[in-house]
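In our numbering, the protein residues as written are 14 to 236.
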């Protein structure tokens, strides 16, 4: 049964996730990037023309193509599984057994409800169970899952799940603190608020380990 427009607005305006995975169709990659850009360009032209913009103006004439390329190649590039970073794990030969924390990883994502930016920081940690991962790969994993229409809760979970798979351990944690421009620039227009999400696996579910991680990232958050 089809949901009403009011119900759909309720979901979007309250930033509710309805799926733990990004809702991508099976035929999502039947078109090439160039074909997608050509199609999206026409859609952007229609939006701007409907708004009454003069696309013959030099400032606007290239906008549809720029936006289309940005969608496909940049801000939604993480939808393409071919762009998934290789985890590049290594044996923990030096037997480092304490927590490793990579904090203040920049997050640039896009809210799937209004297609407005989500901007913030991710703090990621793990405890080795025999494997370690290159530090830059942690940043790349955050970037990959950020570059798609997202909800912050799902993004947090995906980062943890990807690192758990790569490292062969449940002992992974992620906290994201981010501003949603769909809250800050429209609707309630609260420019000060931010959203904090967390996912704790394995040893990080232990209160003492969790507190150690939060102390490292200096995030004054109650859980």
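For each residue, glycine too, the CB sits at the ideal point set by N, CA and C.
As the structure is a computational prediction, the values presented were derived from the model and not from experiment.
Restricting attention to 125, 191 and 95, the CA atom closest to the CA of residue 34 is found in 125. Comparing alpha-carbon positions, the option among 39, 66, 129 and 78 lying closest to residue 52 turns out to be 78.
Shown here, residue 89 sits in coil according to DSSP, grouped into three states, outside any helix or strand.
For residue 103, the uninterrupted beta strand (DSSP E) run begins and ends at 102-104, by DSSP. Between the segment 58-73 and the segment 141-153 there are fewer than three inter-stretch CB-CB distances shorter than 8 Å, so the stretches are not counted as touching.
Taking a C-beta distance under 8 Å as the contact criterion, residue 114 and residue 135 do not qualify as a contact pair. DSSP lists 140 as the bridge partner or partners of residue 112.
Ranked by Cα distance from residue 111, the first of 133, 127 and 185 is 185. Taking one beta carbon from each stretch, the segment 220-231 and the segment 150-164 have fewer than 3 pairs nearer than 8 Å; the two do not touch.
The DSSP-derived three-state label of residue 42 is coil. Runs of the alpha helix (DSSP H) spanning 4 or more residues and lying entirely within the segment 128-174 occur at 148-159, in chain order. In the DSSP annotation of this structure, the continuous segment of the alpha helix (DSSP H) that includes residue 72 starts and ends at 71-74.
Taking C-beta separations shorter than 6 Å and ignoring five residues to either side along the sequence, residue 75 has no partners in its chain. Note that the C-beta distance between residue 196 and residue 203 is below 8 Å. For residue 216, the CB contacts under 7 Å within the same chain, skipping 5 residues up- and downstream, are 140, 184 and 222 in chain order. DSSP places residue 190 in the strand class (E or B) of the three-state scheme.
DSSP, read as helix, strand or coil, puts residue 208 in strand.
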